[in-house]
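K.L.:
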Amino acid sequence: DTGVSQNPRHKITKRGQNVTFRCDPISEHNRLYWYRQTLGQGPEFLTYFQNEAQLEKSRLLSDRFSAERPKGSFSTLEIQRTEQGDSAMYLCASSTRGDSYNEQFFGPGTRLTVL
Amino acid sequence: GQNIDQPTEMTATEGAIVQINCTYQTSGFNGLFWYQQHAGEAPTFLSYNVLDGLEEKGRFSSFLSRSKGYSYLLLKELQMKDSASYLCALKQAAGNKLTFGGGTRVLVKP
């Protein structure tokens, strides 16, 4: 499978714990995005990288959230001191660089449940 | 800021046609995407409009009118497998990020 992969697919944690998710984009894609999606809503943008540079962060991304893409390939999203409101599907997407049509390919997501 | 509106839910019969509308207010965008998302799965690309007019891809067509702040996705010859959520998304003028509407859940009945 040469699509976007995410691990783990599901994560259940207790409030206050830290969690880390991983995203492996399509290999030739240099842009990588993180979105969060709650039930019955569309995805909300969190942050994006071009190669290893984090170019934009949403105001949704509080100080407890941090994302990295150290070598411009895979990315990690860490949530510290999780809260029940963090429960959501975390989606990763990747695309090629370009100013016109370049669709984002989404991974299957990591579903986080905070108890 | 941006505001994107879609109906929450629509029901249609197998073999019929359904039109999903998307209206938006924004200061600027590069283009408009439609994605399909089955329950518990990732969104998958359906169509992209950058210029006004109709884009046709098999059973699916998408229309954009920038002056009216309006788009629609037309699904023809509905099949049971088309039961899914359909997401309208604006691609930002800078940075490439997508801003999504809340999605329209389409239920296809026999």
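Those sequence lines, one after another, are chains A and B. Using the numbering used here, you'd call the opening residue of the first sequence number -15 and step up by one each time. Using the numbering used here, you'd call the opening residue of the second sequence number 252 and step up by one each time. We put the CB at the ideal spot given by N, CA and C, even for glycine. Here the structure is a predicted model, which is why all the values come from computation and not from measurement.
1) Could you check whether residue -1 (chain A) and residue 66 (chain A) sit closer than 8 Å to each other, using their CB atoms as the reference points?
2) Given a threshold of 16 other Cβ atoms within 10 Å of its Cβ, counted over all protein chains shown, does residue 11 (chain A) qualify as buried or as exposed?
3) Residue range of the beta strand (DSSP E) that residue -6 (chain A) falls in?
4) Which one or two residues does DSSP pair with residue 274 (chain B) in a beta bridge?
5) Who are the neighbours of residue 272 (chain B) on chain A, taking C-beta pairs under 9 Å?
6) If contact means a Cβ-Cβ distance below 9 Å, which residues of the segment 262 to 293 of chain B contact chain A?
7) Roughly how many angstroms lie between the CA atoms of residue 68 (chain A) and residue 305 (chain B), to the nearest whole one?
8) Which residues in chain A sit within 8 Å of residue 254 (chain B), going by Cβ to Cβ distance?
9) Compare the Cα-Cα distances from residue 72 (chain A) to each of A:55, A:41, A:21 and A:-3 and report the closest residue.
10) Counting only C-beta atoms, is residue 9 (chain A) closer than 8 Å to chain B at any point?
11) Cα separation between residue 319 (chain B) and residue 2 (chain A)?
12) Do the segment 261 to 268 of chain B and the segment 284 to 295 of chain B make contact, defined as three or more Cβ pairs closer than 8 Å?
P.N.:
Based on what the coordinates show:
1) yes
2) exposed
3) -6 to -3
4) B:256 and B:321
5) Those do not exist, as residue 272 (chain B) stays about 15 Å from chain A at its closest Cβ, beyond 9 Å.
6) 281, 282, 284, 286, 288, 291, 292 and 293
7) 43 Å
8) Those within 8 Å of residue 254 (chain B) in chain A number zero; the least Cβ separation is about 12 Å.
9) A:21
10) no
11) 46 Å
12) no
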